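S.K.: Take a look at this one; I'll ask things after.
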Amino acid sequence: MKHIKIFILALLGVLLSCKDTTQKVNVEKPKAEPYKLKQTIYYGGDILTMEGDSPNYVEAVVQREGQIIFTGAKADALKRFKGKAEEVDLQGKTMMPGLIDGHAHFGNFSSQAIGAQILPPPDAGANNIPALIEILKEWNTPENRALTGWIFGAGFDDSVLEEKRFPTKHDLDKVTTEYPIMIIHISGHFAVLNSKGLEMLNITSATKNPEGGLIRRENGNEPNGVLEELAAIPYYGKALTPKSVEAAEQFFKAGQDMALSYGYTTAHEGRAFFENHGFLADAAEQNKLKLDVVSYVDYMVVDSLMQTKWNSKNYTNRYRIAGMKLTLDGSPQGRTAWRTLPYLLPPDGAEEGYLGYPAMPNDKDVEAIYKKSFDNDWQIITHANGDAAMDQMIRTMQKVSKNYEKKDRRNVLIHGQYVREDQLDSFKDLDVIASLFPLHTFYWGDWHSQIIGEELGQKISPTRTALNKGLRLTIHTDAPVALPNLMRMVGISVERKSRSGKVIGESEKLTPYEALKGITEWSAYQHFEDDKKGTISEGKLADLVILDKNPLKVPEDQIKDIVVLETIKEGLSVYKK
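Position one of the sequence shown corresponds to residue 463 (our numbering), numbered consecutively onward.
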């Protein structure tokens, strides 16, 4: 519309400035103005379109005002557009479509980017509890505390810590007892608070466990600082919400810059509540988003947020709500995923025979949520890690779906870490997309072998089996569970090597091209955006990324180290290394 208005005004100016030529029989038409719309020609490198079932390259791409208008031979591009477009020589680098994570929590990228860096190696240095304490002490400055009023960090991992246990309030009290501390487990399903933090949240020996959550105790009923699932998650906003406009801007910029540096052109907010939705909606209203953000609203707030303007197939200032989110269990590496077989190593305080636990024990509650999504034609994505949780997902969705006509709903299984083969067959029958999480093979492959056994541990994230059974597949980082490094995820999906170097599921490896499909075309399909994203094709958005190497031409063990040099959103460069 803006360009139409400009054109009309320009045309009026031309008409008003023309001399009176009414006496002439043949009126000479004014010459066309030089072409003013922004156009760019890219050439000089590997341009991987991601079209088709096998790699396809073109010599040149031309974008105009954010849309791809030409793909093909360089000579043809220059013949048609030279002198009318900016020319960009890729100098041997690789261009491919902009990257789309199958599932993450974009609203929380900022906490990972700006908080205490308590991830274990290779992402940071928290490999034992004393190191974690020192990192928190270093981060404990007046400037950092002023951000939210808390000392916070995300990413500690008990399975990698030398002590092989969760830190407790006693450990965090060594950092400070004067200010509140909250650290979030790498799974995103647990938090640990110091004594001051427990006091701030009024969690005491009299506080009852919520349904779907657990407060770990000591000395009878005294909280030890560790909160599980719904005893933890509702409190994250207390420690992670910026206290000032300046802090909010700092948070937002840090998170968005991180995403752009890894090649994201579309980010996924996989569990929106009022707080993080508001954070993203405010950014959109202020035109601060440099990439698209597609959001899924938690079922607990769906009645309110799905009635807003943001619930749309179209973006408003690069933000939209695409559907709803349901969570049926917890974290496999944290051993709260709901299984049909006992964990071999129960977590602290759990008895032998421990199976994890459901987030929603009553099937009727789950059925009601699925019914709401089907009634309203809302896409629903379901977090389920343990096979018992996936049994619940299947039986409730089967019961509900039989009352509705078959539609293109694109409902999604999120994670599916311990999914069985028979369950994949059921998901295929239900037309459920499998968004799997093969980063687990590196980060926790060795740990899974310990907690569920070697045989089952080899079957986590069964990406090849899912494809062979005909399911639509995407892959995801679940960031900030892991860094939002999509090239690392591609490499791990191909190699499937654990921290110790052991291959986890040789038969489940993806090819490099399939892994790239999982974060481009297939992910665009998952989000109902395959008509305008996911491939370098004429008519689609000029969402592009430039890499230092071609993932299809380097040794497989080097894919994870590929660096994003530039991210281009609708023709505009939004990140350069």
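Positions of the beta carbon are idealized from the N, C-alpha and C atoms, including for glycine. None of the values given here were measured: they were computed from a predicted structure.
1) Put N664 into one of helix, strand or coil per three-state DSSP.
2) Flag this pair as touching only if the stretch 561–579 and the stretch 943–958 have three or more C-beta atom pairs under 8 Å; answer yes or no.
3) By the three-class DSSP mapping on this structure, what secondary structure does N606 have?
4) Could you give the uninterrupted runs of the alpha helix (DSSP H) lying entirely in the stretch 894–955, keeping only those of 4 residues or more?
5) In chain order, what are the residue ranges of uninterrupted alpha helix (DSSP H) at least 4 long that sit wholly in the stretch 558–605?
6) Report the residue from N865, G848 and K868 whose alpha carbon sits nearest the alpha carbon of Q885.
7) Compute the beta-carbon to beta-carbon distance between T502 and V524, rounded to the nearest angstrom, for a pair I have assumed lies under 8 Å.
8) Does the beta-carbon of K826 have 16 or more other beta-carbons within 10 angstroms, so that it is buried, or is it exposed?
9) Do H565 and V874 have their beta-carbon atoms positioned less than 9 Å apart in this structure?
10) Quick check on the burial criterion: 16 or more other C-beta atoms within 10 angstroms. Buried or exposed for N1012?
11) Within a Cβ cutoff of 6 Å, which residues of the same chain sit near T728, ignoring the five residues on either side of it in sequence?
12) Is it the case that the stretch 762–779 contacts the stretch 739–753, given that we only count it when at least three CB pairs across the two stretches are under 8 Å?
13) Could you check where the alpha helix (DSSP H) with L892 kicks off and where it finishes?
14) Leaving aside the five residues before and after P629 along the sequence, list all residues of the same chain whose C-beta is less than 6 Å from its C-beta, in chain order.
15) Out of curiosity, what's the CA-to-CA distance linking Y505 and I954?
16) Note the first and the last residue of the continuous alpha helix (DSSP H) segment covering I856.
17) Which stretch, first to last residue, makes up the beta strand (DSSP E) that contains Q712?
18) Could you tell me the distance, in whole angstroms, from the CA atom of D940 to the CA atom of G650?
19) Measure from the alpha carbon of K1002 to the alpha carbon of each residue in D1010, D992, I1008 and L1009, then state which is nearest.
20) Look at L788 and I831 and say whether their C-beta atoms are less than 9 Å apart.
21) Could you tell me which uninterrupted alpha helix (DSSP H) segments, each at least 4 residues in length, are contained entirely in the stretch 946–1013, listed from first to last along the chain?
22) Does DSSP classify A729 as helix, strand or coil?
23) Expressed to the nearest angstrom, what Euclidean distance is found between the alpha-carbon atoms of K1038 and I1030?
24) Can the beta-carbon of V1042 be found closer than 9 Å to that of A977?
25) By Cβ distance, which residues of its chain are closer than 6 Å to E684, with the 5 residues on each side in sequence left out?
26) List the whole-angstrom C-beta distance separating I595 from G587, where the pair is believed to meet the contact cut-off of C-beta under 8 Å.
27) Is R542 helix, strand or coil when you go by DSSP?
28) I'd like the span of the beta strand (DSSP E) that includes S757, first residue to last.
29) Determine the contact status of I613 and M662, defining contact as a CB-CB distance below 9 Å.
30) Would you please state the rounded distance, in angstroms, between the beta carbons of A522 and K536? I believe it to be under 8 Å.
31) Expressed to the nearest angstrom, what Euclidean distance is found between the alpha-carbon atoms of K771 and A784?
32) What is the DSSP secondary structure of Q748, reduced to helix, strand or coil?
33) Where F836 and Y761 are concerned, what is the direct C-alpha to C-alpha distance, given to the nearest angstrom?
34) Please return the same chain residues whose Cβ sits closer than 8 Å to the Cβ of P1017, not counting the five positions on each side in sequence.
35) Pull the bridge partners of L689 from the DSSP assignment, please.
36) Determine the DSSP secondary structure at Q769, reduced to helix, strand or coil.
M.R.: Taking the definition as stated:
1) The residue you call residue 664 lines up with position 202 of the sequence shown. Reduced to three states, the DSSP call for N664 is coil.
2) yes
3) As a first step, residue 606 is located in the sequence shown; it is residue number 144 there, counting from the start. DSSP places N606 in helix when its eight states are reduced to three.
4) Counting whole runs of 4 or more residues, the stretch 894–955 contains the alpha helix (DSSP H) stretches 902–905, 907–914, 916–919 and 925–930.
5) 571–576 and 591–601
6) For this step, residue 885 is matched to residue 423 along the sequence shown. Of the listed residues, the one whose Cα sits closest to Q885 is G848.
7) By 1-based counting over the sequence shown, the position of residue 502 is 40. By 1-based counting over the sequence shown, the position of residue 524 is 62. With a Cβ gap of about 7 Å, T502 and V524 count as contacting.
8) Residue 826 sits at position 364 when you count from the first residue of the sequence shown. Under this definition K826 is an exposed residue.
9) Indexing the sequence shown from 1 puts residue 874 at position 412. Indexing the sequence shown from 1 puts residue 565 at position 103. Judged by their CB atoms, V874 and H565 are nearer to each other than the 9 Å cut-off.
10) Walking along the sequence shown from the start, residue 1012 turns up at place 550. With 16 or more other Cβ atoms within 10 Å, it is buried.
11) Walking along the sequence shown from the start, residue 728 turns up at place 266. Setting aside the 5 residues that flank it on each side, T728 is surrounded in the same chain by I562 and D754, each with a C-beta closer than 6 Å to its C-beta; the list follows chain order.
12) yes
13) By one-based count along the sequence shown, residue 892 stands at place 430. Neither: L892 is in no alpha helix (DSSP H) and is coded neither H nor E.
14) Counting from 1 along the sequence shown, the entry for residue 629 is found at position 167. Cβ within range, chain order: I591 and V654.
15) As a position in the sequence shown, residue 505 is number 43, starting the count at 1. As a position in the sequence shown, residue 954 is number 492, starting the count at 1. Spanning the two alpha carbons is a distance of roughly 30 Å.
16) Translated into the one-based positions of the sequence shown, residue 856 becomes position 394. Per DSSP, the unbroken alpha helix (DSSP H) holding I856 starts and ends at D849 to S863.
17) Numbered from 1 along the sequence shown, position 250 holds the residue referred to as residue 712. Careful: Q712 lies outside any beta strand (DSSP E), inside the alpha helix (DSSP H) at V707 to S723.
18) By one-based count along the sequence shown, residue 940 stands at place 478. By one-based count along the sequence shown, residue 650 stands at place 188. Between D940 and G650, the C-alpha separation is close to 9 Å.
19) The residue given as residue 1002 occupies position 540 in the sequence shown. For K1002, the nearest C-alpha among the options comes from D992.
20) Stepping through the sequence shown from its first residue, residue 788 is reached at position 326. Stepping through the sequence shown from its first residue, residue 831 is reached at position 369. Taking 9 Å as the Cβ cut-off, L788 and I831 qualify as a contacting pair.
21) With a minimum length of 4 residues, the continuous alpha helix (DSSP H) runs that stay inside the stretch 946–1013 are 948–957, 974–979 and 983–988.
22) Taking the first residue of the sequence shown as position 1, residue 729 is located at position 267. In this structure, A729 counts as strand in the three-state DSSP scheme.
23) Here residue 1038 refers to the residue found at position 576 of the sequence shown. Here residue 1030 refers to the residue found at position 568 of the sequence shown. The alpha-carbon atoms of K1038 and I1030 are separated by roughly 9 Å.
24) Given that the chain is displayed from residue 463 to residue 1039, the structure contains no residue 1042 and the question cannot be resolved.
25) Mapped onto the sequence shown, residue 684 falls at position 222. The beta carbon of E684 sits closer than 6 Å to those of S667, all from its chain and outside the five residues before and after it, given in chain order.
26) What you label residue 595 is simply residue 133 of the sequence shown in a count that begins at 1. What you label residue 587 is simply residue 125 of the sequence shown in a count that begins at 1. In this structure I595 does not touch G587 by the C-beta definition: roughly 12 Å separates them, more than the 8 Å allowed.
27) Here residue 542 is taken as the residue at index 80 of the sequence shown, counted from 1. Helix, per DSSP.
28) Residue numbering aside, residue 757 sits at position 295 when the sequence shown is read from its first letter. Unbroken beta strand (DSSP E) run through S757: D754 to D760.
29) As a first step, residue 613 must be located in the sequence shown, where it is residue number 151. As a first step, residue 662 must be located in the sequence shown, where it is residue number 200. No, these two residues do not count as a Cβ contact at 9 Å.
30) Indexing the sequence shown from 1 puts residue 522 at position 60. Indexing the sequence shown from 1 puts residue 536 at position 74. A522 to K536, Cβ: 4 Å. Contact.
31) To locate residue 771, count along the sequence shown from 1; it is residue 309. To locate residue 784, count along the sequence shown from 1; it is residue 322. In a straight line, the C-alpha of K771 is about 11 Å away from that of A784.
32) Here residue 748 is taken as the residue at index 286 of the sequence shown, counted from 1. In the structure shown, Q748 sits in coil (DSSP, three-state: anything other than H, G, I, E or B).
33) For the purposes of this step, residue 836 is taken as the residue at position 374 of the sequence shown. For the purposes of this step, residue 761 is taken as the residue at position 299 of the sequence shown. C-alpha separation (whole angstroms): 13 Å.
34) On the sequence shown, position 555 is the one that residue 1017 refers to. Hits under 8 Å: none found.
35) Along the sequence shown, one-based indexing puts residue 689 at 227. Bridge partners of L689: A653 and I677.
36) Here residue 769 refers to the residue found at position 307 of the sequence shown. It is coil, neither helix nor strand.
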